[in-house]
Each structure stands twice: as structure tokens, then as C-alpha cells.
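Novice: So that we are looking at the same thing, I have put the structure below in C-alpha cells.
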Amino acid sequence: MIFRSEYWSRQKANPQERDHRNVSRNAGELWNNLTEAERDKYRRIAKMKKQMHARMYPDYKYTPVFRKDKAEGSSSDGKRRTKRGKRDEEAEQKEREERERQEREQQEYREYRTQRLAAMKRARELRDDPNADPKDKEYPKGNFASYLKQLQ
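Using the numbering used here, the first residue of the sequence shown is number 275, and each one after it goes up by one.
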């Protein structure tokens, strides 16, 4: 992805090729022609970005959201079908439950994030407050998460 992004940033000034399918195809061909050392450069950058993302979003979990299928086909007279099979209803129920689960997870994450930001703000305030108890300013090395929990 890093190589392709860099390739596109160089190519977007070129008005000849704007179709991303072809841009990706060309980037793939160039990637295959790179030496192993050149590829390693992009792999190292990708690994570094992945680690940065993991540090910035420690609780991130990839949860793709699938588009809902289009409405069932209509009959020749334009009326929508009124009967649905049991499988369709079960599939819709599963989709509904999955959406609700994702919404719950997102809400929980927002609440967690709000609490964590508040604790971090409190930690900064304690650090900067000359009248604060020195014990409040210290936290065990490498255990910042438990320190934040104490401040909540």
C-alpha cells in the first residue's frame, strides 16, 4: 500500500492515466521489477506505520461494514415481492444483530476514549501543578495504563 500510494502521488500529475485499475496494475508491474533492497525499504516503512497505528489505537479491531443488499428484484409489473423466504428473514436478523453489536462496540470505545482522554488530561494537570502531591505525579515505568486507571 505504501508503494502504491507513493506511485499514485507521483502519477496523479499525469493526465493520461486516471483510471485506478490501470494505476494499480502499473504499480504492481513496477513493484515486481524492483530489487529486493528497494522492496525492503517499503516493507520497513509499512511495518513502522503499522506499529505507529497499533500504538495510537491499541484497542482497534477491524470490523468491516458490509453494504446492505439492494432490494429484491421486482416483478414485471413493478410491484415489490411481498413474500420472503425464512432464510432472508434470518439473514436480515443476523445483519441487524451484527449492526447492533458494532454500534455497541463503537459506543463503548467512544466512552473508553473519553475516559482515557480525561485521565490523560488529569495526569498532565498533575504534572504541571507545582502544588500537587509528588506521589500523584509518578507512575510505574512502563505501566502508564494502570496509572491512568488510578486517576479516573
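Just so it is clear, CB atoms sit at the ideal spot from N, CA and C, and this is done for glycine as well. This structure is a prediction, so every number in the text was calculated from the model and none was measured.
(1) Give me the residue from Tyr316, Phe277 and Ile319 with the minimum Cα distance to Arg299.
(2) Looking only at its chain, what residues have a beta carbon closer than 8 Å to the beta carbon of Gln290, apart from the 5 residues adjacent to it on each side?
(3) Please report how far the alpha carbon of Ser279 lies from the alpha carbon of Ala320, in whole angstroms.
(4) Which value, in whole angstroms, describes the spacing of the CA atoms of Ala393 and Arg318?
(5) Grouping DSSP H, G and I as helix and E and B as strand, with all else coil, what is Arg396?
(6) Is it right to say Thr388 is buried, meaning 16 or more other beta carbons lie within 10 angstroms of its own, or is it exposed?
(7) Given Asn307, which residues of its chain have a CB within under 8 Å of its CB, disregarding the five upstream and five downstream residues?
(8) Taking the alpha-carbon positions, what's the Pro332 to Ala365 distance?
(9) With DSSP collapsed to three states, give me the class of Ala320.
(10) Out of Glu379, Glu374 and Lys286, which has the shortest C-alpha to C-alpha gap to Lys335?
(11) For the alpha helix (DSSP H) containing Ala301, name the first residue and the last one.
(12) DSSP three-state call for Gln290: helix, strand or coil?
(13) Ordered along the chain, which non-local residues of its own chain (more than five positions away) have a Cβ less than 8 Å from that of Thr337?
(14) Which stretch, first to last residue, makes up the alpha helix (DSSP H) that contains Tyr281?
(15) Going by beta-carbon coordinates alone, are Lys342 and Glu369 separated by less than 9 Å?
Specialist: Well, looking at it:
(1) Position 25 of the sequence shown, counting from 1, holds the residue named residue 299. That would be Phe277, whose Cα lies nearest to the Cα of Arg299.
(2) Taking the sequence shown and counting its residues from 1, one reaches residue 290 at position 16. Nothing meets the Cβ criterion.
(3) Position 5 of the sequence shown holds residue 279. Position 46 of the sequence shown holds residue 320. Answer to the nearest angstrom: the Cα atoms are 11 Å apart.
(4) To locate residue 393, count along the sequence shown from 1; it is residue 119. To locate residue 318, count along the sequence shown from 1; it is residue 44. About 34 Å.
(5) Within the sequence shown, residue 396 is the residue found at index 122, counting from 1. Arg396 carries a helical assignment under DSSP once its states are collapsed to helix, strand and coil.
(6) Here the question's residue 388 lines up with position 114 in the sequence shown. Exposed, since its Cβ has fewer than 16 Cβ neighbours within 10 Å.
(7) Taking the first residue of the sequence shown as 1, we reach residue 307 at position 33. Closer than 8 Å at Cβ, skipping near neighbours: no residue.
(8) For the purposes of this step, residue 332 is identified with residue 58 of the sequence shown, where counting begins at 1. For the purposes of this step, residue 365 is identified with residue 91 of the sequence shown, where counting begins at 1. The alpha-carbon atoms of Pro332 and Ala365 are separated by roughly 32 Å.
(9) Position 46 of the sequence shown, counted from the first residue, corresponds to residue 320. In the displayed model, Ala320 falls within a helix according to three-state DSSP.
(10) On the sequence shown, position 61 is the one that residue 335 refers to. The option with the nearest alpha carbon to Lys335 is Glu379.
(11) For this step, residue 301 is matched to residue 27 along the sequence shown. Here the alpha helix (DSSP H) through Ala301 covers His294 to Asn307.
(12) Here residue 290 refers to the residue found at position 16 of the sequence shown. Three-state DSSP puts Gln290 in coil, outside helix and strand.
(13) Indexing the sequence shown from 1 puts residue 337 at position 63. Excluding sequence positions up to five before and after Thr337, its CB lies within less than 8 Å of the CB of Gln376 and Glu379, all in the same chain and listed in chain order.
(14) Position 7 of the sequence shown holds residue 281. Note, Tyr281: alpha helix (DSSP H), Ile276 to Gln285.
(15) Within the sequence shown, numbered from 1, the residue matching residue 342 stands at position 68. Within the sequence shown, numbered from 1, the residue matching residue 369 stands at position 95. Yes, the Cβ-Cβ distance between Lys342 and Glu369 is below 9 Å.
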